[in-house]
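Undergrad: Attaching a single structure in structure tokens format; questions to follow.
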Amino acid sequence: MQMIDGAMQSFALTLDKFLEHAAKWHPKAEVVTGRENGQVDRVGYGDLKARALRVSAVLRGLGVRRGERVATLAWNTQAHVEAWYAIMGMGAVCHTLNLRLTAAQLGDMLMQSQARVLIASADLMLLARSIAEHAPNLERILLIDGAGRVEEQSAAPIVSALEPLIANARGEMIWGEFDETVPSGLCFTSGTTGAPKGVTYTHRSSFLHTLRVLQADVLGLSARDNVLAVVPMFHANAWGLPFAVPAVGAKLVLPGRQTDGAHLAKLINSEAVTIGIGIATVWLGLVEHLEAHGGETPTLQRVVVGGAPLPPALMQRIEERLGVGVQTSWGMTELSPGGTFAAPHDPERIAAVSGRPAIGVDLLLTDANGQALPEQRDVEGHLRVRGPAVVERYFGDGKSATDSNGWFATGDLARIDATGNLIITGRAKDLIKSGGEWINPVEIEIARERLA
Numbered sequence: 118m119q120m121i122d123g124a125m126q127s128f129a130l131t132l133d134k135f136l137e138h139a140a141k142w143h144p145k146a147e148v149v150t151g152r153e154n155g156q157v158d159r160v161g162y163g164d165l166k167a168r169a170l171r172v173s174a175v176l177r178g179l180g181v182r183r184g185e186r187v188a189t190l191a192w193n194t195q196a197h198v199e200a201w202y203a204i205m206g207m208g209a210v211c212h213t214l215n216l217r218l219t220a221a222q223l224g225d226m227l228m229q230s231q232a233r234v235l236i237a238s239a240d241l242m243l244l245a246r247s248i249a250e251h252a253p254n255l256e257r258i259l260l261i262d263g264a265g266r267v268e269e270q271s272a273a274p275i276v277s278a279l280e281p282l283i284a285n286a287r288g289e290m291i292w293g294e295f296d297e298t299v300p301s302g303l304c305f306t307s308g309t310t311g312a313p314k315g316v317t318y319t320h321r322s323s324f325l326h327t328l329r330v331l332q333a334d335v336l337g338l339s340a341r342d343n344v345l346a347v348v349p350m351f352h353a354n355a356w357g358l359p360f361a362v363p364a365v366g367a368k369l370v371l372p373g374r375q376t377d378g379a380h381l382a383k384l385i386n387s388e389a390v391t392i393g394i395g396i397a398t399v400w401l402g403l404v405e406h407l408e409a410h411g412g413e414t415p416t417l418q419r420v421v422v423g424g425a426p427l428p429p430a431l432m433q434r435i436e437e438r439l440g441v442g443v444q445t446s447w448g449m450t451e452l453s454p455g456g457t458f459a460a461p462h463d464p465e466r467i468a469a470v471s472g473r474p475a476i477g478v479d480l481l482l483t484d485a486n487g488q489a490l491p492e493q494r495d496v497e498g499h500l501r502v503r504g505p506a507v508v509e510r511y512f513g514d515g516k517s518a519t520d521s522n523g524w525f526a527t528g529d530l531a532r533i534d535a536t537g538n539l540i541i542t543g544r545a546k547d548l549i550k551s552g553g554e555w556i557n558p559v560e561i562e563i564a565r566e567r568l569a
């Protein structure tokens, strides 16, 4: 008798499955959007999925096909989340535009992606039109979040409100049914290592990134949490929160356009936020508001920070005033973006420490020529990283962005301490050569402080 090996089901790791899961098992868990008038909009995951499917139908009616880029220029809102899932679920590619950049810069990015459709917040319509002047490939601008009535014009790009189109959308849409390795998102870097470069995420890479950040020693989210996502959705996939929060059925709280201390304090208290995620200056603004006007945020348990290194005094001030634990992290657009995270409940939190990598991310310290340092602990080196959610090559670039062993050079200088924690010490481009030796400017500042 011939032995037949067992097999597991083929299950494509596509991002639509996160919202499908939330809609089926946590349909009443909410996505909440704070508005400038102090009001909030709220929708359950079940209804959000239904609306996102109708947005997909609208895009299909405009001729959007699998693999085509669709751009977004929007704040952190329910409508933006719907656009994300609508675009990615139908197999198109969500090209997020950083609204802090100039119209010329964004137009150049659109020229590279060849997106024909742009979904934009209504209050950014003037910027969207300016972008179109630099991107003749743009044919249609769909306005969300308070668009009201928009008179369509025959001249390209045609501008229209998305909401009436959603209401009139016809035809059933089915998400997925494509390979997990196809592109899902496109985000351009900020240009810290030269001119901005496009990073293409795949469904598989972002799915695996989501599973990684949900681990207990990373973000450790659960259905009991109410998560305030202040990190912009136009920046490095919003650290993956629009995927991770629905994946566990947690409440997703979005600040909209306003991220000042007063607005965030009101949202945190009205929505019983337990975890806040954003750069340190956001939490400084919240602290300064509470110090000036009084009040507390009793439900808030921890905040996760990234971006620039966190000064110890600021970390202490945030923790003491808010009564929270500050969780530091490090990452970059090319890493989808999470690289390392301090453990959420580590009693020995240190501002300069960015935490350890979770499974799926590996770190390597090298010399300036890319050769691995013989010692990988308590020495400074050039940081490289690899993993299934790390860039292999940039958008439109035929050559690899990694070395022959798959390591991506981040451009950072770093140390890894004896316990495996990463400490970013500077940027390689900032090194100063003196007497044949390379000197990190950070070391000069430390020496200066000691002598003062």
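The numbering of the sequence shown is our numbering, which starts it at 118 and goes up by one. Using N, Cα and C, we set each Cβ at its ideal position, and we do this for glycine too.
Roughly how many angstroms lie between the CA atoms of I248 and P274, to the nearest whole one?
TA: 10 Å
Undergrad: Could you spell out the range, first to last residue, of the alpha helix (DSSP H) harbouring P178?
TA: According to the sequence displayed, residue 178 carries Gly and not Pro. Looking at the DSSP string, the run of the alpha helix (DSSP H) that includes G178 is Y162 to G178.
Undergrad: For K546, which of helix, strand or coil comes out of DSSP?
TA: helix
Undergrad: Using DSSP with H/G/I as helix, E/B as strand and the rest coil, what is I236?
TA: I236 falls in the strand class under three-state DSSP.
Undergrad: What residue range does the alpha helix (DSSP H) around H326 cover?
TA: H320 to V330
Undergrad: May I have the straight-line CA-CA distance separating V370 from E199, to the nearest angstrom?
TA: 14 Å
Undergrad: If you draw a straight line from the alpha carbon of T189 to that of M449, how long is it in whole angstroms?
TA: Their Cα atoms are separated by approximately 20 Å.
Undergrad: Which of the three DSSP states, helix, strand or coil, is assigned to W356?
TA: Reduced to three states, the DSSP call for W356 is helix.
Undergrad: Using 8 Å as the cut-off, can you tell me whether the region 375-382 makes contact with the region 396-415, which would need three or more C-beta pairs spanning the two stretches below that distance?
TA: Segments in contact, yes.
Undergrad: Roughly how many whole angstroms lie between the Cα atoms of H499 and P464?
TA: 29 Å
Undergrad: Rounded to whole angstroms, what is the Cα-Cα separation between H406 and W400?
TA: 10 Å
Undergrad: Which residue's Cα is closest to the Cα of E193: E492, Y511 and L216?
TA: Residue identity differs from the one stated: residue 193 is Asn in this sequence, not Glu. With distances taken between Cα atoms, N193 lies closest to L216.
Undergrad: What separation, rounded to the nearest whole angstrom, lies between the Cα atoms of W201 and A545?
TA: 35 Å
Undergrad: Give the straight-line distance between the Cα atoms of V335 and G455, rounded to the nearest whole angstrom.
TA: 9 Å
Undergrad: Rounding to the nearest angstrom, what Cα-Cα distance links L282 and I394 in this structure?
TA: So the two alpha carbons sit approximately 33 Å from each other.
Undergrad: So for D133, helix, strand or coil by DSSP?
TA: helix
Undergrad: Is it true that the region 324-335 meets the region 346-353, where meeting means three or more beta-carbon pairs spaced less than 8 Å apart?
TA: no
Undergrad: I'd like the span of the beta strand (DSSP E) that includes N343, first residue to last.
TA: N343 to A346
Undergrad: With DSSP collapsed to three states, give me the class of L384.
TA: helix
Undergrad: Do you know how far the Cα of G302 is from the Cα of G472?
TA: Looking at the two C-alpha atoms, the distance is approximately 27 Å.
Undergrad: Shortest alpha-carbon distance to P363 belongs to which of V441, S339 and A264?
TA: S339
Undergrad: Output the distance between the C-alpha atoms of E388 and G208, rounded to the nearest integer angstrom.
TA: C-alpha separation (whole angstroms): 33 Å.
Undergrad: I'd like to know if the region 248-262 and the region 123-136 are in contact, where contact means that at least 3 CB-CB pairs between them fall below 8 Å.
TA: no
Undergrad: Do W447 and L589 have their beta-carbon atoms positioned less than 7 Å apart in this structure?
TA: Outside the shown range of the chain, which is 118 to 569, sits residue 589, and nothing can be said about it.
Undergrad: Are the Cβ atoms of L325 and A506 separated by less than 7 Å?
TA: Against a cut-off of 7 Å, the Cβ pair of A506 and L325 comes out as a contact.
Undergrad: Hey, how far is the Cα of T527 from the Cα of M226?
TA: 22 Å
Undergrad: Measuring alpha carbon to alpha carbon, tell me which of L179, G440, P428 and D377 ends up nearest I584.
TA: Residue 584 lies beyond the range of the chain shown here (118 to 569); nothing can be said about it.
Undergrad: Using 8 Å for Cβ pairs, my map puts H320 next to T131. What's the rounded Cβ distance?
TA: 4 Å
Undergrad: In or out: S173 buried (at least 16 other Cβ within 10 Å) or exposed?
TA: buried
Undergrad: What would DSSP say about W292, mapped onto helix, strand or coil?
TA: coil
Undergrad: What would DSSP say about K368, mapped onto helix, strand or coil?
TA: strand
Undergrad: Starting from I258, trace the beta strand (DSSP E) both ways and give me its first and last residue.
TA: R257 to I261
Undergrad: Pop quiz: A535 and D479 are said to be a contact at Cβ under 8 Å. What is the actual Cβ separation, rounded to whole angstroms?
TA: Actually they are not in contact, since the Cβ atoms of A535 and D479 sit about 18 Å apart, beyond 8 Å.
Undergrad: Ordered along the chain, which non-local residues of its own chain (more than five positions away) have a Cβ less than 6 Å from that of G123?
TA: Cβ within range, chain order: n/a, list empty.
Undergrad: DSSP three-state call for H143: helix, strand or coil?
TA: coil
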